[in-house]
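Before any comments, here is the structure.
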Amino acid sequence: MLGIGEFYYELAVKVAEVCMASKSRNGGIISVAEVRSILMKRGTKFKFAESSNKSKYSREDIITAVGKLSKLGGGFRTMDVGNSVMIISVPTELDNDHMEVMKIAQDSDGQYSTGISGRVTVDDVKRVTKWNDERAKRALDLLLGKGMAWLDVYGGEEIYWFPSVWKEENDMSIADANDENDL
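With the numbering used here as the guide, the letters of the sequence shown map in order to residues 1095 to 1277.
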């Protein structure tokens, strides 16, 4: 046997460990880039890796490993949010409204531009989506209630922060630098 299946199951366990350890900080949503960065920083090695380099694994390997976790239940799945792939490790179903809010938070200098990555206000969501106040607030409040967003009130304005988004930007640049060093 090639050991490929064992590699993905071993990687799935490592991914689950990272997701559970970071859940209190990010509410159970973390980017694949952040997970990869954490595993690389730890120098994670795998007993069942198919090559002599037992610390090599790609973004796609992590996505495949999460797919194996999803078959076990418990809420593990991946979801595209804007230009990122996020790992959701909570049983809560996120609908299109929640994903749209996260996409807005992620897009600091693109078409939705809120100016700062990882944050939105109710007005930002309403401006971009053309939703009414109730719909925007409902989507944000669910994300806040599940710990996927943090609330900061500054000058009377409620600002919702998404740690999985602003943390991801730092980790993507670290992972990109590591990939360049591997070349």
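Glycine included, every Cβ here is placed at the ideal spot set by N, Cα and C. None of these values were measured; they are calculated from a predicted model.
Can you give me the C-alpha to C-alpha distance between E1111 and K1162, rounded to a whole angstrom?
Rounded to whole angstroms, E1111 to K1162 spans 15 angstroms at the Cα level.
Distance between W1255 and Q1200 (C-alpha atoms, nearest Å)
Spanning the two alpha carbons is a distance of roughly 10 angstroms.
Here's a check: name, in chain order, each residue in its chain whose Cβ is nearer than 8 angstroms to the Cβ of N1120, leaving out the five neighbours to either side.
In chain order, G1241, M1242, P1257, S1258, K1261 place their CB closer than 8 angstroms to the CB of N1120, counting only its own chain and leaving out the 5 sequence neighbours on each side.
Reduced DSSP secondary structure (H/G/I, E/B, other) of V1219
Here V1219 sits in helix by DSSP.
Apart from the five residues just before and just after L1236, which ones in its own chain have a Cβ nearer than 7 angstroms to its Cβ?
Taking L1236 as the centre and dropping the five residues before and after it, the same chain places the C-beta of H1192 closer than 7 angstroms to its C-beta, in chain order.
Cβ pair I1198, D1218 closer than 8 angstroms
For I1198 and D1218, yes; Cβs fall inside 8 angstroms.
Between T1172, N1190, D1155, which has its C-alpha nearest G1099's C-alpha?
With distances taken between Cα atoms, G1099 lies closest to D1155.
Cβ neighbour criterion (16 or more within 10 Å) applied to E1228:
With fewer than 16 other Cβ atoms within 10 Å, it is exposed.
For chain D, check one thing: does any of its Cβ atoms lie closer than 8 angstroms to the Cβ of Y1103?
The structure shown contains no chain D; it holds only a single protein chain.
Just checking T1172 against the ligand GDP - is the residue's beta carbon closer than 7 angstroms to any of the ligand's heavy atoms?
Absence of the ligand GDP is noted for the structure shown, with no ligands found whatsoever.
Let me check understanding here. Comparing Cα to Cα, which of G1249, A1230, I1123, V1214 lies closest to E1187?
Of the candidates G1249, A1230, I1123, V1214, the residue whose Cα lies closest to the Cα of E1187 is I1123.
Straight-line Cα distance separating E1252 from T1215:
Their backbone Cα atoms lie some 6 angstroms apart in a straight line.
Would you please state the rounded distance, in angstroms, between the beta carbons of T1223 and E1194? I believe it to be under 8 angstroms.
Between E1194 and T1223 the Cβ distance is about 6 angstroms, and since that is below 8 angstroms, they are a contact.
Alpha helix (DSSP H) segments (min. 4 residues) lying fully within the stretch 1151 to 1193:
Runs of the alpha helix (DSSP H) inside the stretch 1151 to 1193: 1153 to 1164.
Counting C-beta neighbours from all protein chains within 10 Å, is the total for Y1103 16 or more, i.e. buried, or is it exposed?
Exposed, by the Cβ-count rule.
D1246, DSSP secondary structure in three states
D1246: strand per DSSP, three-state reduction.
Note down the Cα distance separating I1181 from G1249, rounded to an integer number of angstroms.
Distance between I1181 and G1249, taken at the CA atoms: about 33 angstroms.
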